[in-house]
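A.B. asks: Shown below is the structure under consideration.
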Amino acid sequence: PGGDPASAGANAGAYPGGDPASAGANAGAYPGANAGSAAGANPGEATATGYPGAEGASGGGAYPGAGAGPGQGGGAVASAKPPEGLEGKAYWSFKRGKDADAMKYLYAYGLSDDQGAQSVLSTIRWVPGLKRPSLAVRFGAGVQVTAPPTFKGDPKALGSTQKLPTRGGGGGRGGEGGFGDAGAGAEGAGGFGGEGGYGPGGFAGGGGGGGGGKAAGINPVLARNTGDLGEKLVAAYKERLMRGDYGAVLKKAAGEAPAPSGGGAGAYGAEAAGAQAGFGGGKFAGGYPGGGAGAGGGAQAGGGDVAQIAPGLTMLGVGSQKELLAKAKEAGVDVFLLFKVSIKPNPKTRLVINEASFALLDAKTGQSLADAKTRKKLPPSRKLTNMDVQKSRAAGKDDGIDREVDKLFAFVDANLKMVDLPAALNAENVLKRVGSLIAKPVDDKLPVLSEIRMYNVKGLLQDAHLSKAYEKVLGVDFGRMLATGTDEDKHKVVQRWLPDA
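Using the working numbering, you'd call the opening residue of the sequence shown number -11 and step up by one each time.
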């Protein structure tokens, strides 16, 4: 079958409109969850590719077949030829870091095969913070950087160390103990409501001594910009991924991913490649707009390839908030973790002040997420500076990073952990939900059709209503083929939306 048929008006209005049933759900077992996921060590992750000047120490893509972009060594490479069958192609795509493709294959498998409907679509669960069912909760991450256009050095991310002067006392946030005008909180540290002075920018290099980032598996661009903050956020995500919080299919994908080879995917050791402060050159020259043509040339606004950090967590690169949100929508992620990093070098002291914060946004609206129960929006994190972190650690005090990570994941656990469908979701409410799904033309058809099929699998939607809903979305002929046709017929219907179409 060719392109989308015109949306037929047949049976329009067969379903009364209305909002989905309210949450009030209790967590429980994943219905039909695949038990094949491995427990134990976190899987390997693919490093980001395509960042000009990325250091080669990152050890290569952990997922077989991951693209060997700049800075990646050659890890174990899977056959470039995908396996037969839609389910096999889905998990092959996850291993190659192509999460969006993998999700399309899974939806198609569930829609075109009764076994797929039972094993995949039955694992669709409720996401309280998104107020809808989903097969998986997918996260995106990106960095918006503010730095002088001539800055060419190491950004000294959170967790890095510098030789701090002892004179001038502890110093306040405005001056940091004698650092002149380079204090954190200067111009450009605006809030998350708008751009707030954070312009586009990007690093050319992917390795080096920017911050902590000591654990294998953190994307090198994220590590270079956010240091220990990014590392700890990724670790907290992986812990929940392996528990199945974000969907049985992502847990299975993570369990099937091989361990890192060689130096580890995205290994990022402090001072690994090294320019110290980097003023006047070094490996990262040209890393910011207007900088010299250093390692790989200056990164453009919105630079950096989209790359998988772990199944369900996608690095969207470096750019402005607007550019990164556009990438998030294109990648199909549900929520977006926006890091804002402000870098203020002081040429006199040869020290760099790095201030970082983050906010969790709805990828579709670009707005802060609200708690499902209180409806209060999650505020941005507190701003953290590398100087404060270094001084706190030297004094044996809390550096503030864990506190901000814990606050974020307390919200995530309450709102983005998948739970059982609401108990109030009976056949009558399902008809209302289906009616609201198909009331307008559907652009992204696979998730909508899959949700409708899930209700049918669970006995909440009659076959006749399933067929009418399909006809409303696809037109009469294709709708009937998908509802009552052979497996071959059904595959023909969904094939047009697959990556290999």
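Every residue gets a Cβ at the ideal spot worked out from N, C-alpha and C, and that includes glycine. Quick caveat, the model's predicted, so the values are computed rather than measured.
Helix or strand or just coil, what does DSSP make of I206?
C.D. replies: Coil.
A.B. asks: Could you pull out every residue in the same chain whose Cβ sits closer than 8 Å to the Cβ of G235, ignoring the five residues on either side in sequence?
C.D. replies: Contacts found: T111, R113, S122, L123, A124, V125, G300, M406.
A.B. asks: Take L409 and list the residues in its own chain whose beta-carbon comes closer than 6 Å to its own, dropping the five residues that flank it on each side.
C.D. replies: Correct list, in chain order: W114.
A.B. asks: Report buried or exposed for N213, applying the criterion of at least 16 other Cβ atoms within 10 angstroms of its Cβ.
C.D. replies: Per the 10 Å Cβ criterion, buried.
A.B. asks: Quick one: is T472 buried, meaning 16 or more other Cβ sit within 10 Å of its Cβ, or exposed?
C.D. replies: By the 10 Å Cβ count, T472 comes out exposed.
A.B. asks: Whose C-alpha, out of Y97, N342, R391, V323, is nearest the C-alpha of K220?
C.D. replies: Closest by alpha carbon: R391.
A.B. asks: Please return the same chain residues whose Cβ sits closer than 8 Å to the Cβ of A351, not counting the five positions on each side in sequence.
C.D. replies: Within the same chain, A351 has close Cβ partners G128, L313, A316, K317, V321, D322, V323, F324.
A.B. asks: Report yes if the CB atom of K365 is closer than 9 Å to the CB atom of Q132, and no otherwise.
C.D. replies: Going by C-beta atoms, K365 is not nearer than 9 Å to Q132.
A.B. asks: Could you round the C-beta distance between F330 and T134 to whole angstroms and report it? I think they count as a contact, below 8 Å.
C.D. replies: What sits at residue 330 in the sequence shown is Ser, not Phe. Yes, they are in contact, since the Cβ atoms of S330 and T134 sit about 5 Å apart, within 8 Å.
A.B. asks: Could you compute how far the alpha carbon of V377 sits from the alpha carbon of D142?
C.D. replies: Each residue's alpha carbon lies about 17 Å from the other.
A.B. asks: For K361, which of A96, L404, D488, G423 has the nearest alpha-carbon?
C.D. replies: Answer by Cα proximity: L404.
A.B. asks: What does the alpha-carbon distance come out to for the pair R421 and R84?
C.D. replies: Distance between the alpha carbons of R421 and R84 is about 35 Å.
A.B. asks: With the cut-off set at 9 Å, would you say K144 and N342 are in Cβ contact?
C.D. replies: It is a contact, given that the beta carbons lie within the stated cut-off.
A.B. asks: Which whole-angstrom value describes the C-beta separation of G467 and Y458, a residue pair presumed to lie in contact below a C-beta threshold of 8 Å?
C.D. replies: Between Y458 and G467 the Cβ distance is about 4 Å, and since that is below 8 Å, they are a contact.
A.B. asks: Please work out which residues of its chain come closer than 6 Å, Cβ to Cβ, to M469, disregarding the five sequence neighbours upstream and downstream, and give them in chain order.
C.D. replies: Cβ within range, chain order: D477, V481.
A.B. asks: Going by Cα to Cα distance, which pick from R120, L74, K69 is closest to V436?
C.D. replies: Comparing Cα positions, the closest option is R120.
A.B. asks: Is T373 helix, strand or coil when you go by DSSP?
C.D. replies: The answer is strand: DSSP assigns T373 an E or B state.
A.B. asks: With C-beta atoms as the reference, is G130 less than 9 Å away from L304?
C.D. replies: Taking 9 Å as the Cβ cut-off, G130 and L304 qualify as a contacting pair.
A.B. asks: Grouping DSSP H, G and I as helix and E and B as strand, with all else coil, what is G179?
C.D. replies: Residue placement at G179 is poorly supported in this model, since its pLDDT is 33, which falls under 50; the coordinates are not used for a value here.
A.B. asks: Please state if the CB of K226 and the CB of Y79 are separated by a distance shorter than 9 Å.
C.D. replies: No, the pair does not count as a contact, with Cβ atoms beyond the cut-off.
A.B. asks: Can you tell me whether K151 is buried or exposed, with buried defined as 16 or more other CB within 10 angstroms of its CB?
C.D. replies: Burial call: exposed.
A.B. asks: By alpha-carbon positions, which one of I440, D451, D475 ends up nearest to V461?
C.D. replies: Out of I440, D451, D475, I440 has the C-alpha closest to the C-alpha of V461.
A.B. asks: Could you check what DSSP says for G422 in three-state terms: helix, strand or coil?
C.D. replies: Correcting the residue type first, residue 422 is Val in the shown sequence and not Gly. Three-state DSSP puts V422 in a helix.
A.B. asks: Looking at Y535: is its Cβ nearer than 9 Å to the Cβ of E72?
C.D. replies: Residue 535 lies beyond the residue range present for the chain, which begins at -11 and ends at 489; the question has no answer from this structure.
A.B. asks: Below 6 Å CB to CB, which residues in the same chain sit around P487 once its five sequence neighbours on both sides are set aside?
C.D. replies: The residues are D89.
A.B. asks: Following the continuous beta strand (DSSP E) through V321, name the residue where it begins and the one where it ends.
C.D. replies: Taken as a continuous stretch (DSSP letters only), V321 belongs to no beta strand (DSSP E), as it is neither H nor E.
A.B. asks: Which residues mark the beginning and the end of the alpha helix (DSSP H) in which S107 is found?
C.D. replies: Note, S107: alpha helix (DSSP H), 102 to 107.
A.B. asks: Cβ of A224 within 9 Å of Cβ of F397?
C.D. replies: Yes, these two residues count as a Cβ contact at 9 Å.
A.B. asks: Would I426 and D216 be called neighbours here (beta carbons separated by less than 9 Å)?
C.D. replies: No, they are not a contact pair.
A.B. asks: Is the distance from the Cβ of D359 to the Cβ of A402 below 9 Å?
C.D. replies: Against a cut-off of 9 Å, the Cβ pair of A402 and D359 comes out as a contact.
A.B. asks: Which of the three DSSP states, helix, strand or coil, is assigned to E343?
C.D. replies: Here E343 sits in strand by DSSP.
A.B. asks: For W485, which of helix, strand or coil comes out of DSSP?
C.D. replies: Reduced to three states, the DSSP call for W485 is coil.
A.B. asks: Does the beta-carbon of D431 have 16 or more other beta-carbons within 10 angstroms, so that it is buried, or is it exposed?
C.D. replies: Exposed, since its Cβ has fewer than 16 Cβ neighbours within 10 Å.
A.B. asks: What residue from K371, A96, P153 has the CA that sits closest to Q483's CA?
C.D. replies: When each option's Cα is compared against that of Q483, the closest is A96.
A.B. asks: Between S380 and the rest of its own chain, which residues show a CB-CB distance below 6 Å, the 5 nearest in sequence each way excluded?
C.D. replies: The residues are D387.
A.B. asks: Please determine, among S107, A347, F346, M375, the residue with the shortest C-alpha to C-alpha distance to S438.
C.D. replies: Answer by Cα proximity: S107.
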